[in-house]
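Structure first, then comments.
In the UniProt record's numbering, the protein residues as written are 1 to 225.
Written out as structure tokens, the structure is:
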């Protein structure tokens, strides 16, 4: 699947001619054509090979205005491709945060799950090291639009995921926001097991300070009687 280069013609991904025409218009940023096609019966939620939607096609080709137009025309932002990802996951993990900003503004479901892993888009932002998207989703969480406590299908929460990559700042923020510090994944492991995999002597002073603060917060949960 190509990105902004447009090396793959839409007809190779969208076998139905009307869907391919919609995808071409989205790729080209032809908003008037998109509106006319949908008015004429084209499906704004059209899907092609491997489950790729017209919305995802627009994002893959960095056609931000087309993505917004398709949303306005009723495109489904929750449909997933064969890899399990939705357009929100795409936007959370790409190198342009503007797409996710627009999706948040459009009030799409930010807790939609990857159908294979169960991960919500904020996991994609964290794992892709997309700080602007992560911060945007954390702001959305303050407005009740993102559930920070949701775990994936293996039981790993965002707290587990943050601990695995030693993101001590995020771990602290999640704890301060009330995410359960004792939640176990399906292996029976809490987030601290992963956090302690990184020796403190490998950390810079900021991470060491944050790690100490986490250990202090966790002391009531780990101390004996």
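Yeah, the Cβ is synthetic: ideal placement off N, Cα and C, and Gly gets one too.
As the structure is a computational prediction, the values presented were derived from the model and not from experiment.
- DSSP assignment within the segment 149-185 yields the following whole alpha helix (DSSP H) runs of 4 residues or more, N-terminal first: 158-164 and 168-176.
- Taking 3 residues as the minimum length, the segment 19-101 contains no beta strand (DSSP E) run wholly inside it.
- In the assembly as shown, residue 197 is an exposed residue. Its beta-carbon has fewer than 16 other beta-carbons within 10 Å.
- When rounded, the separation of the alpha-carbon atoms in residue 121 and residue 155 is 16 Å.
- Residue nearest to residue 221 within the set 210, 187 and 183 is 183 (criterion: CA-CA distance).
- Per DSSP, residue 198 lies in no alpha helix (DSSP H) and is assigned neither H nor E.
- For the pair residue 181 and residue 169, the Cα-to-Cα distance works out to about 15 Å.
- Closest option to residue 47, judged by alpha-carbon separation, among 218, 41 and 22: 22.
- DSSP places residue 212 within a helical segment (H, G or I) once states are collapsed to three.
- Within a 10 Å sphere around the beta-carbon of residue 167 sit 16 or more other beta-carbons, which makes this residue buried.
- Judged by beta-carbon spacing, residue 60 lies beyond the 8 Å limit of residue 38, meaning their Cβ atoms are not closer than that value.
- With at least 16 other beta carbons inside 10 angstroms of its own, residue 70 counts as buried.
- If you look at residue 140, you'll find it in the alpha helix (DSSP H) that goes 131-142.
- In the structure shown, the three-state DSSP call for residue 187 is coil.
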